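Asker: Residues in the sequence shown are numbered consecutively from 494, following the working numbering.
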Amino acid sequence: MNRQVEREVQEELLSMQDLQYRDFQRKLMPTVDPETVIGVRTPELRKYAKALAKKPEAEAFLKNLPHTYYEENNLHGFLLETVKDYEEAVRLVEEFLPYIDNWATCDMMCPKVFGKHLEKLLPKIREWIRSPETYTIRFGIGMLMRYYLDDAFRPEYLELAASVRSEEYYVNMMTAWYFATALAKQYEAALPYLTGHRLEPWTHNKAIQKAVESRRITQEQKIYLRTLRVK
494 MNRQVEREVQ
504 EELLSMQDLQ
514 YRDFQRKLMP
524 TVDPETVIGV
534 RTPELRKYAK
544 ALAKKPEAEA
554 FLKNLPHTYY
564 EENNLHGFLL
574 ETVKDYEEAV
584 RLVEEFLPYI
594 DNWATCDMMC
604 PKVFGKHLEK
614 LLPKIREWIR
624 SPETYTIRFG
634 IGMLMRYYLD
644 DAFRPEYLEL
654 AASVRSEEYY
664 VNMMTAWYFA
674 TALAKQYEAA
684 LPYLTGHRLE
694 PWTHNKAIQK
704 AVESRRITQE
714 QKIYLRTLRV
724 K
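Take a look at the structure:
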């Protein structure tokens with residue numbers, strides 16, 4: 494582990510600390526040790542990642558796993574977004590996924606190169622969704638939601654998300670988010686998963702809740718979706 498790079502990165506992050514934002518962030522992430530949250534606003538962190546990505550220190554930082562601070566993990570994710578080679582991006586993502594311990598780091602990370610290799614990415618998503626690790630599953634469903642509900646959509650992808658069974662809140666919440674988004678973008682294809690009760694009751698109701706809160710769902714659709722809630 495390159496301690497010099499680690500210290501330099503931590504010093505830079507601490508220089509951007511916002512204590513009020515730190516306190517706010519801590520409340521949002523119950524799975525994260527509060528002492529590991531520095532309090533760096535996301536635009537500042539992205540700006541730093543963009544600058545660091547151009548330096549040789551970035552490669553050394555990516556090898557420094559596990560990190561100490563929450564913001565180091567987010568920085569790691571943002572650096573992975575800049576990787577231009579698809580195979581390398583997948584390798585680095587899979588190296589990092591076991592160290593993700595919260596929903597925010599998981600959801601922030603989205604390598605841009607993935608969008609250019611959707612056929613290759615799909616088998617990886619299937620692997621991630623079958624993982625026993627909470628945030629690996631969540632990341633897989635997140636990629637399915639991000640890239641495969643528009644032009645690349647196929648009805649069988651809904652089955653892939655619906656097949657996930659977990660006791661983990663952060664997995665089920667992402668599945669609900671996926672189906673709420675699917676209702677906004679592919680309403681006719683997604684609706685039978687609710688009318689047919691294809692999801693676990695909690696996930697089913699949460700998907701309806703999130704869909705009803707969406708501006709992309711029509712009033713008529715919202716009225717109907719409310720009738721589909723289960724007890």
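No residue lacks a Cβ here, since even glycine has one placed at the ideal position from N, Cα and C.
Treat the numbers as computed from the prediction; the structure is a model and nothing was measured.
Cβ atoms of Val723 and His697: under 7 Å apart, would you say?
Answerer: Cβ atoms of His697 and Val723: closer than 7 Å.
Asker: Under the three-state reduction of DSSP, which class applies to Asp516: helix, strand or coil?
Answerer: Asp516 falls in the helix class under three-state DSSP.
Asker: One question on the structure: do Ala553 and Val606 come within less than 7 Å of each other, judged by their Cβ atoms?
Answerer: No, the pair does not count as a contact, with Cβ atoms beyond the cut-off.
Asker: Within this structure, are the beta carbons of Tyr640 and Ile593 separated by less than 7 Å?
Answerer: Cβ distance not < 7 Å, so Tyr640 and Ile593 don't count as in contact.
Asker: Please confirm whether Gly635 and Trp621 have their CB atoms less than 7 Å apart.
Answerer: No, they are not a contact pair.
Asker: Quick one, which of Pro523, Ala544, Ile710, Gln518 has its alpha-carbon nearest Glu505's?
Answerer: Checking every option, the nearest Cα to that of Glu505 belongs to Ala544.
Asker: Tell me which same chain residues have a C-beta within less than 7 Å of the C-beta of Val583, skipping the five on either side of it?
Answerer: Lys617.
Asker: Can Gly570 and Met601 be called in contact, C-beta distance under 7 Å?
Answerer: Cβ distance < 7 Å, so Gly570 and Met601 count as in contact.
Asker: Hey, Ala654 and Thr668: beta-carbon distance below 7 Å or not?
Answerer: Against a cut-off of 7 Å, the Cβ pair of Thr668 and Ala654 comes out as a contact.
Asker: In this structure, how does DSSP classify Ile701 when only helix, strand and coil are distinguished?
Answerer: Helix at Ile701.
Asker: Taking the runs of the beta strand (DSSP E) that are 3 residues or longer, which of them lie wholly in the region 535-574?
Answerer: DSSP runs (the beta strand (DSSP E)) wholly in the region 535-574: none.
Asker: Can you grab the Cα-Cα spacing for the pair Tyr562 / Leu590, in whole Å?
Answerer: Each residue's Cα considered, the two are about 16 Å apart.
Asker: Quick one, which of Pro685, Gln510, Thr529, Gly608 has its alpha-carbon nearest Glu537's?
Answerer: Selected option, being the one with the closest Cα: Gln510.
Asker: Please return the same chain residues whose Cβ sits closer than 6 Å to the Cβ of Leu614, not counting the five positions on each side in sequence.
Answerer: Phe607.
Asker: Relative to the alpha-carbon of Leu585, which residue among Pro604, Phe672, Pro527 has its alpha-carbon at the smallest distance?
Answerer: If we check each option's Cα against that of Leu585, Pro604 comes out closest.
Asker: Could you tell me the alpha carbon to alpha carbon distance between Pro694 and Leu651, rounded to whole angstroms?
Answerer: Between Pro694 and Leu651, the C-alpha separation is close to 17 Å.
Asker: Would you kindly work out how many angstroms separate the C-alpha atoms of Asn495 and Gln503, rounded to a whole number?
Answerer: Whole-angstrom Cα-Cα distance: 13 Å.
Asker: Measure the Cβ-Cβ separation of Tyr663 and Arg619 and say whether it is below 7 Å.
Answerer: Not in contact: Tyr663 and Arg619 (Cβ atoms no closer than 7 Å).
Asker: The alpha helix (DSSP H) with Tyr686 in it runs from where to where?
Answerer: That run of the alpha helix (DSSP H) goes 685-688.
Asker: Express the C-alpha separation of Ala677 and Val533 in angstroms, rounding to a whole number.
Answerer: Each residue's Cα considered, the two are about 33 Å apart.
Asker: Take Ile701 as the anchor and find which of Glu588, Gly689, Leu721, Glu612 has the nearest alpha-carbon.
Answerer: Per the Cα distances, Leu721.
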